[in-house]
Every structure is written in structure tokens, then in C-alpha cells.
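In the numbering used here, the protein residues as written are 54 to 308.
Glycine included, each C-beta is placed from N, C-alpha and C at the ideal position.
All figures in this text were calculated on a predicted structure; none of them were measured in a lab.
What follows is one structure encoded as C-alpha cells, with my remarks underneath.
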Amino acid sequence: MIQRSPLIAGNWKMHLTIPEATALVRELRAGLQGLEAPQVLVAPPFTSLGPVKQALEGSSIMLGAQNMHWEDTGAFTGEISGQMLLEVGCSHVILGHSERRLIFKETDDMVDKKVQKAVALGLSPILCIGETLEQREAGNTYQVLREQLEGSLASCIDSRALPETLILAYEPVWAIGTGKTATPAQAQEAHQFVRTWIQEVFGEEAGARVRILYGGSVKPENIRALMAEPDIDGALVGGASLKPESFLGIIRYGD
Ligand code: 13P
Numbered sequence: 054m055i056q057r058s059p060l061i062a063g064n065w066k067m068h069l070t071i072p073e074a075t076a077l078v079r080e081l082r083a084g085l086q087g088l089e090a091p092q093v094l095v096a097p098p099f100t101s102l103g104p105v106k107q108a109l110e111g112s113s114i115m116l117g118a119q120n121m122h123w124e125d126t127g128a129f130t131g132e133i134s135g136q137m138l139l140e141v142g143c144s145h146v147i148l149g150h151s152e153r154r155l156i157f158k159e160t161d162d163m164v165d166k167k168v169q170k171a172v173a174l175g176l177s178p179i180l181c182i183g184e185t186l187e188q189r190e191a192g193n194t195y196q197v198l199r200e201q202l203e204g205s206l207a208s209c210i211d212s213r214a215l216p217e218t219l220i221l222a223y224e225p226v227w228a229i230g231t232g233k234t235a236t237p238a239q240a241q242e243a244h245q246f247v248r249t250w251i252q253e254v255f256g257e258e259a260g261a262r263v264r265i266l267y268g269g270s271v272k273p274e275n276i277r278a279l280m281a282e283p284d285i286d287g288a289l290v291g292g293a294s295l296k297p298e299s300f301l302g303i304i305r306y307g308d
């Protein structure tokens, strides 16, 4: 049986100055000392990536970015390429976050191109999917998830291969920053749907291997129950990743 290593990732969104970001990393490092911890990743804003990378020197905490463009270079004002993320020391990149999809109008087609470019460059994509409250209440959750998977992984489907480095994140939009977590059973049901879809499209092995993180109001108080579900392999944490106490509490599964 394939063992999936748990991953706790902090998405800092548009928060923290450089001094705040590096101070947080120092506290996380201190708090992780001697701890039998899952894999940990932080995804600061672009401006803090370099300083945070330096502050992480010699630590096992991984560095991710929150977005990238699919082209290598060019006239794309305001954008950052995957190569630039590698240059500053990122190993991962969050793609297709609901805030990118809803506020910045990113389409599945754009996300698909980003996934392809990230994988080609050796960056591990953390591909986000998730339904809005309206979609859930209309009974369309699984249709939405299927469409997002089909669209964002269109090129992977064409080549019939799920990249080994790809990580998925199920983030119900109604649970993001609202304090409303999906119940462990609701999250498990969605994760199981996603894993089954991966299995059907890419084969048993890919389905058993792919890690699926849960995101949406994860806190020290609810992480243990979420992690106890068989198809939840970690968390993508927003608000609670900005404070050392709460992020470390999540990394310790609430202890
Ligand atoms: P919150 O943990 O603040 O709900 O955010 C979740 C999220 O969007 C992580 O990417």
C-alpha cells in the first residue's frame, strides 16, 4: 500500500511584511525543534520569498509561492514566472486558488497551462479546487469539482499521466476565512470523490498516491478530526498560518 506523507501548508495570502514574515519563520523553526512533525510548507507573498528562504536555511520547512504565470518571460506586467520562483528557492506553487479564480478571473484553461509549466520546471503544483456555497446548495458540488479537475488537468488527461509531484487541495469556498469548516465527514466525502475521479482517469496507482489537502478554516481545534479521515492528507491553512501558536498547533494536530 502507498503511504502518503502528510503535508501542512500555510498560505499567507497578502499578509505580513518582510520583518513579520521572517520573525514568523524563526518562531516556527524554534517550535518545530525536536518535534516529530509532518511535512511543513509556507507560501508567503512574492516580496517575502527571498528573505523567508534565507530564514529557512538549514530547516526542513519548504517554500512555496501563491501563483505564477505560464510563460517563461515576456510582456506580462505584474506577473512572475515559474523560473523566477525557482531562482528564489521555491519548490512548490499554489495554483488555481479560489481567490485567483473568483477575484482575478482565472479560468481552468489558464490553470491548466500553469500546472503544465510548473511541472516542466520541476515546481510541485498545489492545485486548488472547490465549490461556492451557491453551488453546494444547488446540489452541484461534484459537478463543479469534476469540471474544475477536467479543465485544470486537461493537458494531463491528454497525456494520460498525472504528474507525480502534483498535490491537490479541496477548498470549499464557503469555508474559506468564514470560520465555517466543512465537517470531517463532508470533507472526506469530497476528498473521496476527488480520489475516485483521479483513479478512474489516471489509474489506481495515481489515485492511491496523490495527496489531497483540505483547506477552509483549519484550526488547531479541528485538524485532528480532519486528519483522521482516510482521504485527507494534510491541510492548506490561511488565517491560522499567520500566527506561530496556531500554525504550530495545527502542525501538532491540536496538541
Ligand atoms: P482560511 O484558513 O483562512 O479559511 O483560508 C483557507 C485558504 O484559502 C488556504 O488557501
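Three-state class that DSSP yields for residue i in the structure shown
i, result
"residue 271", "coil"
"residue 57", "coil"
"residue 96", "strand"
"residue 262", "helix"
"residue 88", "coil"
"residue 108", "helix"
"residue 63", "strand"
"residue 288", "strand"
"residue 114", "coil"
"residue 256", "coil"
"residue 298", "helix"
"residue 242", "helix"
"residue 36", "Only positions 54 to 308 of the chain appear in this structure, which leaves residue 36 out of reach."
"residue 283", "coil"
"residue 307", "coil"
"residue 69", "coil"
Distance CB(residue i)-CB(residue j) smaller than 8 Å
i, j, result
"residue 100", "residue 71", "yes"
"residue 119", "residue 147", "yes"
"residue 177", "residue 150", "no"
"residue 238", "residue 223", "no"
"residue 179", "residue 90", "no"
"residue 59", "residue 287", "yes"
"residue 206", "residue 168", "yes"
"residue 57", "residue 264", "yes"
"residue 114", "residue 81", "yes"
"residue 283", "residue 307", "no"
"residue 88", "residue 305", "yes"
"residue 127", "residue 171", "no"
"residue 243", "residue 271", "no"
"residue 266", "residue 220", "yes"
"residue 250", "residue 199", "yes"
"residue 117", "residue 85", "no"
Classification of residue i by the beta-carbon crowding that lies within 10 angstroms, buried from 16 upward
i, result
"residue 202", "buried"
"residue 162", "exposed"
"residue 66", "buried"
"residue 268", "buried"
"residue 234", "buried"
"residue 300", "buried"
"residue 79", "exposed"
"residue 158", "exposed"
"residue 165", "buried"
"residue 129", "exposed"
"residue 83", "exposed"
"residue 96", "buried"
"residue 291", "buried"
"residue 74", "buried"
**Request:** Pick out the complete alpha helix (DSSP H) segments inside the region 162 to 240, 4 residues or longer, and give them in chain order.
**Result:** Assignment of alpha helix (DSSP H) within the region 162 to 240, counting only whole runs of 4 or more residues, yields 186 to 190, 194 to 205, 207 to 212 in chain order.
**Prompt:** What residue ranges within the region 116 to 161 form continuous alpha helix (DSSP H) runs of no fewer than 4 residues, ordered along the chain?
**Reply:** If we require 4 residues or more, the alpha helix (DSSP H) runs fully inside the region 116 to 161 come out as 135 to 140, 151 to 156.
**Prompt:** Does the region 189 to 204 come within contact of the region 102 to 109, defined as at least 3 CB pairs closer than 8 Å?
**Reply:** By the Cβ rule, the region 189 to 204 does not count as touching the region 102 to 109, because fewer than three pairs are nearer than 8 Å.
**Message:** With three or more beta-carbon pairs closer than 8 Å as the criterion, would you say the region 259 to 268 touches the region 214 to 233?
**Reply:** Contact holds between the region 259 to 268 and the region 214 to 233, because three or more Cβ pairs, one in each stretch, are under 8 Å apart.
**Message:** Can you confirm whether the region 220 to 234 touches the region 176 to 190 when touching is taken to mean that 3 or more C-beta pairs between the two stretches lie within less than 8 Å?
**Reply:** Counting Cβ pairs under 8 Å, three or more are found: they touch.
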